[in-house]
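Notes follow once the structure below has been shown.
Numbering (the working numbering), first residue to last: -9 to 257.
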């Protein structure tokens, strides 16, 4: 949406906004932040819609302008809203995310969350693997691999550059598949009857060089999330090795971590 369209939108109304409670343990600005935050996350306030004015929030919550601005500053720091000078405050488009606790292909995970996703295949070819790729896939000497390069799109915007290596026994079959709309994982399990077991991931960051900036439509030097993933079959054999480069401004991974029970902790 253009800035002109944003400027012409009408500010959102505060729906049954309760006054902030000065006697509550949480500071007033934190109460307001959480009230607004919940409306953004539950969809009451949609991406690119204009937030209520500071004056409306002051009246609705019964607080000062300083308190309202502190709440808005926190929301802006979280990436939930953004400001355009002279026009107002608007709801940001939230980052898409994938749960690290589940082994899923990107398209598989995003479609379950209601996102439109597809890929543009850059190349699908047989190559001589690097020493690292050969080691990860447990390949014999002089073995070839199939290399697949794709740009993944989310809601029609480029989100990642994926480089995938698989044994040629799999790759020769992938050549016949629609890799623009299907995930390798889904094809392996549903079409080829290969049960997947687990994956090993390493997560890091890098800066976009020319080879990343162009397909991802970001400036050179922009932060990029880098994922190295080796996927194994249910029998434990490595079958898919990937380098995944995600736009740092548009995607994130999430994971739930449970506390180790007291009985299992080292003394």
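Positions of the beta carbon are idealized from the N, C-alpha and C atoms, including for glycine.
| Asked | Found |
| --- | --- |
| Entirely enclosed beta strand (DSSP E) segments - the segment 188 to 245, minimum 3 residues | 213 to 223, 228 to 237 and 241 to 244 |
| Which listed residue (63, 17, 71 and 119) has its alpha carbon closest to that of residue 41 | 71 |
| Anticipated Cβ contact below 8 Å, residue 48 with residue 54, distance rounded | 7 Å |
| Per-residue DSSP class, three states only, for residue 94 | coil |
| Contact test: residue 140 Cβ vs the ligand MG heavy atom, cutoff 7 Å | Inclusion of the ligand MG in the displayed structure is not the case, the ligand content being empty and no account of it being possible. |
| Collapsed DSSP secondary structure at residue 2 in the structure displayed | Low confidence applies here, because residue 2 scores a pLDDT of 48, under 50, leaving its location unreliable; read the following figure in that light. Residue 2: coil per DSSP, three-state reduction. |
| Residue 231 vs residue 220 beta-carbon contact at 8 Å | yes |
| Chain B contact for residue 126 (CB, 8 Å cutoff) | Chain labels in this structure do not include chain B; a single protein chain is all it has. |
| Residue 36, buried or exposed, once every other Cβ within 10 Å from all chains shown has been counted against 16 | exposed |
| Whole-Å CB distance - residue 235 paired with residue 216, under 8 Å assumed | 6 Å |
| Distance between residue 57 and residue 21 (C-alpha atoms, nearest Å) | 10 Å |
| Local Cβ density within 10 Å of residue 45, reported as buried at 16 or more and exposed below that | exposed |
| Coarse secondary structure for residue 125, derived from DSSP in three states | helix |
| Neighbourhood of residue 189 by C-beta distance below 6 Å, restricted to the same chain and skipping five residues each side | 93, 219 and 221 |
| Between the CA atoms of residue 246 and residue 114 - distance to the nearest angstrom | 35 Å |
| Sequence-distant residues of the same chain with beta carbon closer than 7 Å to residue 98, five excluded per side | 173, 175 and 176 |
| Inter-residue spacing [alpha-carbon to alpha-carbon] between residue 155 and residue 135 | 6 Å |
| Span of the alpha helix (DSSP H) around residue 64 | 55 to 67 |
| C-beta contact flag for residue 146 and residue 96 at 8 Å | no |
| Same chain, Cβ closer than 6 Å to residue 255, neighbours up to 5 away in sequence not counted | none |
| Proximity to residue 38 [Cα-Cα], best of 26, 65 and 80 | 80 |
| Neighbourhood of residue 240 by C-beta distance below 8 Å, restricted to the same chain and skipping five residues each side | 85, 86, 144, 147 and 149 |
| Alpha carbon of residue 259 to alpha carbon of residue 162, nearest angstrom | Look at the range of the chain in this structure, -9 to 257, and you will see that residue 259 is not part of it. |
| Reduced DSSP secondary structure (H/G/I, E/B, other) of residue 181 | helix |
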